[in-house]
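Only one structure is covered here, and it is reproduced in the block below.
There are 2 protein chains.
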Amino acid sequence: MRETPVLDLEPGALGLDGALTLKLELFQHTGSFKARGAFSVLLAAEVPAAGVVAASGGNFALAVAHAAAELGHPAAIFVPESSPPAKLERLRRGGAEVVVAGAFYDDALAAARERAAASGALELHAFDDPLVVAGQGTCGRELDRRRAGLDTLVVAVGGGGLCGGIAAWYGNEARIVATEPRRCPTLARALEAGAPIEVEVGGHAADSLGARRIGEHPWAALSRWVDDAVLVTDDAIRDAQRRLWAELRIAAEPGGAAALAALLSGAYVPGRDERVGVLICGGNFDPGSLA
Amino acid sequence: MRETPVLDLEPGALGLDGALTLKLELFQHTGSFKARGAFSVLLAAEVPAAGVVAASGGNFALAVAHAAAELGHPAAIFVPESSPPAKLERLRRGGAEVVVAGAFYDDALAAARERAAASGALELHAFDDPLVVAGQGTCGRELDRRRAGLDTLVVAVGGGGLCGGIAAWYGNEARIVATEPRRCPTLARALEAGAPIEVEVGGHAADSLGARRIGEHPWAALSRWVDDAVLVTDDAIRDAQRRLWAELRIAAEPGGAAALAALLSGAYVPGRDERVGVLICGGNFDPGSLA
Numbered sequence: 410m411r412e413t414p415v416l417d418l419e420p421g422a423l424g425l426d427g428a429l430t431l432k433l434e435l436f437q438h439t440g441s442f443k444a445r446g447a448f449s450v451l452l453a454a455e456v457p458a459a460g461v462v463a464a465s466g467g468n469f470a471l472a473v474a475h476a477a478a479e480l481g482h483p484a485a486i487f488v489p490e491s492s493p494p495a496k497l498e499r500l501r502r503g504g505a506e507v508v509v510a511g512a513f514y515d516d517a518l519a520a521a522r523e524r525a526a527a528s529g530a531l532e533l534h535a536f537d538d539p540l541v542v543a544g545q546g547t548c549g550r551e552l553d554r555r556r557a558g559l560d561t562l563v564v565a566v567g568g569g570g571l572c573g574g575i576a577a578w579y580g581n582e583a584r585i586v587a588t589e590p591r592r593c594p595t596l597a598r599a600l601e602a603g604a605p606i607e608v609e610v611g612g613h614a615a616d617s618l619g620a621r622r623i624g625e626h627p628w629a630a631l632s633r634w635v636d637d638a639v640l641v642t643d644d645a646i647r648d649a650q651r652r653l654w655a656e657l658r659i660a661a662e663p664g665g666a667a668a669l670a671a672l673l674s675g676a677y678v679p680g681r682d683e684r685v686g687v688l689i690c691g692g693n694f695d696p697g698s699l700a
Numbered sequence: 410m411r412e413t414p415v416l417d418l419e420p421g422a423l424g425l426d427g428a429l430t431l432k433l434e435l436f437q438h439t440g441s442f443k444a445r446g447a448f449s450v451l452l453a454a455e456v457p458a459a460g461v462v463a464a465s466g467g468n469f470a471l472a473v474a475h476a477a478a479e480l481g482h483p484a485a486i487f488v489p490e491s492s493p494p495a496k497l498e499r500l501r502r503g504g505a506e507v508v509v510a511g512a513f514y515d516d517a518l519a520a521a522r523e524r525a526a527a528s529g530a531l532e533l534h535a536f537d538d539p540l541v542v543a544g545q546g547t548c549g550r551e552l553d554r555r556r557a558g559l560d561t562l563v564v565a566v567g568g569g570g571l572c573g574g575i576a577a578w579y580g581n582e583a584r585i586v587a588t589e590p591r592r593c594p595t596l597a598r599a600l601e602a603g604a605p606i607e608v609e610v611g612g613h614a615a616d617s618l619g620a621r622r623i624g625e626h627p628w629a630a631l632s633r634w635v636d637d638a639v640l641v642t643d644d645a646i647r648d649a650q651r652r653l654w655a656e657l658r659i660a661a662e663p664g665g666a667a668a669l670a671a672l673l674s675g676a677y678v679p680g681r682d683e684r685v686g687v688l689i690c691g692g693n694f695d696p697g698s699l700a
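Protein chains in written order, with our numbering: chain W, 410 to 700; chain L, 410 to 700.
Structure (structure tokens):
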């Protein structure tokens with residue numbers, strides 16, 4: 410892994426009263442934190458000769474393809490027909506077998522499972538695996554080592570792998586503010602229900618935060634250690650992307666800017682002198698959309 | 410100033426054999442290192458009530474406007490008619506008086522000097538000032554503190570302020586590789602001639618590296634401490650921008666990617682185990698051009 414850089418912002422930056430520490434995890438291998446979880450699984454697991462399979466057209470697919478190639482395992486990535494050709498090309502360049510299977514994610518998932526059952530390949534799940542959660546948590550450990558004593562971590566939630574891992578690292582030592590798009594309220598609904606439930610998802614950040622159900626393993630950490638679960642609108646996410654670019658020259662994808670959106674929109678308002686860390690967790694998008 | 414982050418890249422990253430340390434100075438206030446020099450001058454000088462004037466439509470203008478506003482001085486920025494409206498708007502939002510004066514940079518410069526003579530305002534030069542060179546050099550000091558023992562620094566040269574400041578900081582303690590676009594060979598020609606001379610400039614990075622003559626103050630440092638002065642093509646600069654984005658999700662302007670282009674194009678080839686630092690020094694451009 411790369412140790413991704415940390416950027417300390419002075420009070421007043423981005424129009425916020427307090428100081429802020431950004432963890433720039435979008436500069437990780439394959440452009441998001443997902444590489445941490447992929448390596449965590451592949452280094453701990455007994456990988457069969459048939460290699461690994463995963464269903465994803467997004468950041469997790471890039472991470473699995475990269476980690477498998479680095480470690481010398483064959484990788485088959487099952488994607489729905491809706492996946493952009495540029496992403497498929499990037500997966501192929503990374504050395505993965507890319508299988509276009511069905512119209513929707515669920516079709517790709519079913520085909521991936523069929524392949525795993527037939528070939529004996531190891532199926533990787535994007536977030537519902539303790540090794541994946543632990544891997545994503547290393548991002549929190551790194552930040553904690555560089556900036557000890559942060560009071561609060563603001564983290565985006567899709568399936569919960571990153572936020573669950575970071576919550577598990579900090580435990581009760583810091584406040585965990587989980588942030589979701591209003592149109593992907595997977596954790597918010599789970600907290601209301603007292604357990605993960607399936608929700609409808611959509612909107613601007615659904616490509617990376619659009620898991621329809623919190624994973625059981627992330628839930629074990631999130632339900633214990635998340636202090637605030639806040640929701641942000643798609644417009645707030647777009648505004649956070651625009652301001653990251655206009656004021657800092659950081660080009661973050663929608664899901665990568667969602668945690669910052671919680672602060673910029675006032676969904677979470679830190680106290681005076683609260684030391685806040687924010688995860689900028691991905692950059693896989695078309696930067697032309699910032700213009 | 411912000412302490413800008415450092416990113417360590419593993420051998421193999423960006424297709425290079427060796428490890429590399431990037432200093433991400435594009436995340437500085439106003440999107441480039443120029444804010445360092447602007448604050449250096451304004452904090453050291455006796456600024457008259459009439460404030461400051463500068464001629465620039467680019468990164469230096471943004472830096473002067475920002476530093477003057479932060480320190481409570483009026484600032485008048487003289488720009489040629491060719492300046493993009495978006496840049497003028499950004500200057501005005503920063504609180505500066507923006508004066509469009511003449512078709513070319515030299516016209517804007519003449520108008521700025523006239524204003525300074527008439528009003529008593531302090532005229533700032535973008536690079537030919539020992540305080541500006543010293544200010545830009547703080548970027549080298551910061552990097553040296555975070556990553557002691559770098560063997561080589563690769564730095565882009567326009568008027569020479571940044572590279573001169575960094576050369577003055579490291580002196581004989583590191584190899585200084587100055588990088589210019591082939592179409593802006595201002596330092597290369599000065600080294601051939603033994604003194605700064607006027608050259609024709611143009612091409613992809615001319616907006617930030619297009620000074621026509623090395624400043625006398627930067628020259629005092631560059632002529633003493635630069636070990637290699639290399640040239641890169643516009644295509645090599647575009648390729649460096651593309652790869653910074655495709656592989657690292659860093660969106661750098663042409664001048665900001667020029668130093669990396671020296672390594673990617675083979676204009677400078679480090680030895681085995683040479684520890685190389687590269688300045689990524691600006692990000693003020695349209696990121697849509699990366700698509």
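For glycine and all other residues, C-beta sits at the position ideal for the given N, C-alpha and C.
Burial state of residue i (16 or more Cβ within 10 Å)
{"i": "residue 657 of chain L", "result": "buried"}
{"i": "residue 598 of chain W", "result": "buried"}
{"i": "residue 638 of chain W", "result": "buried"}
{"i": "residue 708 of chain L", "result": "Because chain L spans 410 through 700 in this model, residue 708 of chain L falls outside it and cannot be assessed."}
{"i": "residue 494 of chain L", "result": "exposed"}
{"i": "residue 611 of chain W", "result": "exposed"}
{"i": "residue 463 of chain W", "result": "buried"}
{"i": "residue 675 of chain L", "result": "exposed"}
{"i": "residue 693 of chain L", "result": "buried"}
{"i": "residue 672 of chain L", "result": "buried"}
Distance between residue j and residue i (C-alpha atoms, nearest Å)
{"i": "residue 357 of chain L", "j": "residue 684 of chain L", "result": "Residue 357 of chain L lies beyond the stretch modelled for chain L, which goes from 410 to 700, so this question has no answer here."}
{"i": "residue 569 of chain W", "j": "residue 513 of chain W", "result": "21 Å"}
{"i": "residue 628 of chain W", "j": "residue 510 of chain W", "result": "29 Å"}
{"i": "residue 624 of chain W", "j": "residue 635 of chain W", "result": "15 Å"}
{"i": "residue 430 of chain W", "j": "residue 619 of chain L", "result": "35 Å"}
{"i": "residue 426 of chain L", "j": "residue 679 of chain L", "result": "9 Å"}
{"i": "residue 750 of chain W", "j": "residue 602 of chain W", "result": "The structure shown does not extend to residue 750 of chain W, since chain W is modelled only from 410 to 700, so the question has no answer here."}
{"i": "residue 617 of chain L", "j": "residue 441 of chain L", "result": "10 Å"}
{"i": "residue 649 of chain W", "j": "residue 438 of chain L", "result": "17 Å"}
{"i": "residue 689 of chain L", "j": "residue 647 of chain L", "result": "14 Å"}
{"i": "residue 682 of chain L", "j": "residue 577 of chain W", "result": "38 Å"}
{"i": "residue 669 of chain L", "j": "residue 687 of chain L", "result": "6 Å"}
{"i": "residue 497 of chain L", "j": "residue 594 of chain W", "result": "41 Å"}
Residue i - DSSP class collapsed to helix/strand/coil
{"i": "residue 453 of chain W", "result": "helix"}
{"i": "residue 608 of chain W", "result": "coil"}
{"i": "residue 642 of chain W", "result": "coil"}
{"i": "residue 487 of chain W", "result": "strand"}
{"i": "residue 538 of chain L", "result": "coil"}
{"i": "residue 683 of chain W", "result": "coil"}
{"i": "residue 559 of chain W", "result": "coil"}
{"i": "residue 596 of chain W", "result": "helix"}
{"i": "residue 692 of chain W", "result": "coil"}
{"i": "residue 585 of chain W", "result": "strand"}
{"i": "residue 414 of chain L", "result": "coil"}
{"i": "residue 426 of chain L", "result": "coil"}
{"i": "residue 670 of chain L", "result": "helix"}
{"i": "residue 420 of chain L", "result": "coil"}
Nearest residue (CA-CA) to residue i, options the options
{"i": "residue 614 of chain W", "options": "W:449, W:626, W:662", "result": "W:662"}
{"i": "residue 482 of chain L", "options": "L:523, L:584, L:531", "result": "L:531"}
{"i": "residue 584 of chain W", "options": "W:604, W:562, W:666, W:566", "result": "W:562"}
{"i": "residue 448 of chain W", "options": "W:522, W:545, W:632, W:559", "result": "W:545"}
{"i": "residue 444 of chain L", "options": "L:660, L:581, L:547, L:564", "result": "L:547"}
{"i": "residue 450 of chain W", "options": "W:556, W:504, W:496, W:474", "result": "W:474"}
{"i": "residue 541 of chain W", "options": "W:412, W:644, W:446, W:436", "result": "W:446"}
{"i": "residue 417 of chain L", "options": "W:421, W:411, W:419, W:417", "result": "W:411"}
{"i": "residue 524 of chain W", "options": "W:538, W:535, W:580, W:507", "result": "W:507"}
{"i": "residue 539 of chain L", "options": "L:686, L:696, L:631, L:700", "result": "L:631"}
{"i": "residue 384 of chain W", "options": "W:433, W:501, W:502, W:487", "result": "This structure cannot speak to residue 384 of chain W, because chain W is shown only from 410 to 700."}
{"i": "residue 421 of chain W", "options": "L:479, L:699, L:434", "result": "L:479"}
{"i": "residue 461 of chain L", "options": "L:665, L:504, L:515, L:498", "result": "L:504"}
Next on the checklist: Under 8 Å, CB to CB, which of the residues in the segment 637-671 of chain W have a partner in chain L?
Outcome noted: 654, 657, 658, 659, 660
Next on the checklist: Using a Cβ-Cβ cutoff of 8 Å, what residues of the segment 546-564 of chain L are near chain W? List them in chain order.
Outcome noted: none
Item to check | Near-chain L residues of the segment 412-427 of chain W (beta-carbon distance less than 8 Å), N- to C-terminal order | outcome: 412, 413, 414, 415, 416, 417, 418, 419
Next on the checklist: Beta carbons nearer than 8 Å to chain L: which residues of the segment 466-496 of chain W have them?
Outcome noted: none
Next on the checklist: Can you pull out the residues from the segment 685-699 of chain W whose beta carbon lies closer than 9 Å to at least one beta carbon of chain L?
Outcome noted: 691, 692, 693, 695, 696, 697, 698, 699
Checklist entry - Listed from N- to C-terminal order along the chain, which residues in the segment 426-442 of chain W have their beta-carbon within a distance smaller than 7 Å of any beta-carbon of chain L? => result 433, 435, 436, 440
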